[in-house]
Amino acid sequence: MTPFQHGRPLPAAPAHLPPAVLSARGLVKSYEATRALAGLDLDIRAGESVAVMGPSGGGKTTLLHCLAGIVTPDAGQVLLQLDGATTDVAGLDDRRRSALRRSTFGFVFQQGLLIPELTALENVAVALMLLGVDRRGAEHSAAQWLGALGLGGMEDRRVGQLSGGQAQRVAIARAQVSGASVVFADEPTGALDSGTSAEVMDILLRSTTGTGRTLVVVTHDDDVARRCARTVHLRDGRIVRDSLCPGTAA
Ligand code: ADP
Ligand code: MG
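Note that the sequence shown ends on residue 250 in full-length UniProt numbering; no numbers are left out.
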């Protein structure tokens, strides 16, 4: 990881709060005449679960993609603070950003984007094989993740033989098998009924913040947001509300 050298200093976290793992500073992103992000600042603390809500077109997906190094902002910084090093994600070259996405970040999308020709086990193992882990070791870890997420016995099923909720659990396992520190989810329950959605959210939270990792989840669903420790509302590329949910663990 490249140590961050040229950025604005970050404010120290108050002593009773964990430090920020991701900090957006002055993020601006436009698509031609559309300003998707209009100078956005956000600190996400290690171990926090943050729901990102707001009207369609408000910039939620763009924010997630900038934080995760999928999209480069036109201006501003995304500072990742991990293991004592600070990295400006937006300032990394393509190769380093893509390495970061594979090793440090995990992604869950609305449709799991699993590979239909592969089994559940192979879909998860592939994330590790991309990091150079041999097939045997990758499949061993993948099986452990599937078991932990309640999919023991379904390792050999192909995507078409899984329910929507099961497929999302495979996607959650794939997002985390490489030991991601931050998991980004974009409407992960958007295609599920409410009962399945609650189950998938519980599993997503338990497997991320439940083990000290960080979750950033874009959602339209109040029930999903209520399960998160904090909700950030975006409108027109700005944060218009940032609130802690009472009674949640993290
Ligand atoms: P949300 O996820 O909140 O619905 P987005 O971040 O997807 O919002 O989009 C914010 C704005 O940027 C919208 O007006 C959208 O149309 C525009 N936008 C997003 N991605 C692109 C793109 N790749 N090309 C052109 N416009 C885009
Ligand atoms: Mg979106």
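Think of the CB as a built atom: it goes at the ideal place given N, C-alpha and C, for glycine as much as any other residue.
No experiment lies behind these values; they were computed from the predicted model shown.
### Task
Assess, as a yes-or-no matter, whether the region 121-141 is touched by the region 191-199 under the definition of 3 or more beta carbon pairs within less than 8 Å.
no
#### Entry: Top-ranked residue by Cα proximity to residue 170, from 182, 181, 184, 150
150
#### Entry: Neighbourhood of residue 216 by C-beta distance below 6 Å, restricted to the same chain and skipping five residues each side
Excluding five sequence positions before and after residue 216, the CB atoms of its chain that fall closer than 6 Å to its own CB belong to 50, 184, given in chain order.
#### Entry: Residue nearest to residue 56 in terms of C-alpha spacing, selected from 236, 65, 163
236
#### Entry: Residues near residue 252 by beta carbon distance below 6 Å, same chain, minus five either side
Nothing can be reported for residue 252: it is not among the residues displayed for the chain, which extend from 1 to 250.
### Message
Taking only three categories from DSSP, how would you classify residue 63?
### Response
It is helical.
### Query
If you run the structure through DSSP and keep just helix, strand and coil, what is residue 144?
helix
#### Entry: Close Cβ partners of residue 71 (< 7 Å) along its chain, the five nearest in sequence each way excluded
29, 62, 65
### Query
How about residue 200 and residue 168: are their beta carbons less than 8 Å apart?
Yes. Within cutoff.
### Task
Examine ligand 2 and report whether any of its heavy atoms sits within less than 7 Å of the Cβ of residue 219.
No.
### Query
Which of helix, strand or coil does DSSP assign to residue 170?
helix
### Task
Kindly list the residues whose CB is nearer than 7 Å to the CB of residue 175, restricted to its own chain and excluding five residues on each side of it in sequence; keep chain order.
106, 107, 108, 183
### Task
Return yes when the Cβ of residue 181 is within less than 8 Å of the Cβ of residue 209, no when it is not.
No, Cβ-Cβ distance for residue 209 and residue 181 is not below 8 Å.
### Query
What number of angstroms, rounded off, separates the C-alpha of residue 166 from the C-alpha of residue 187?
16 Å
### Message
According to DSSP, is residue 154 part of a helix, a strand, or is it coil?
### Response
Coil.
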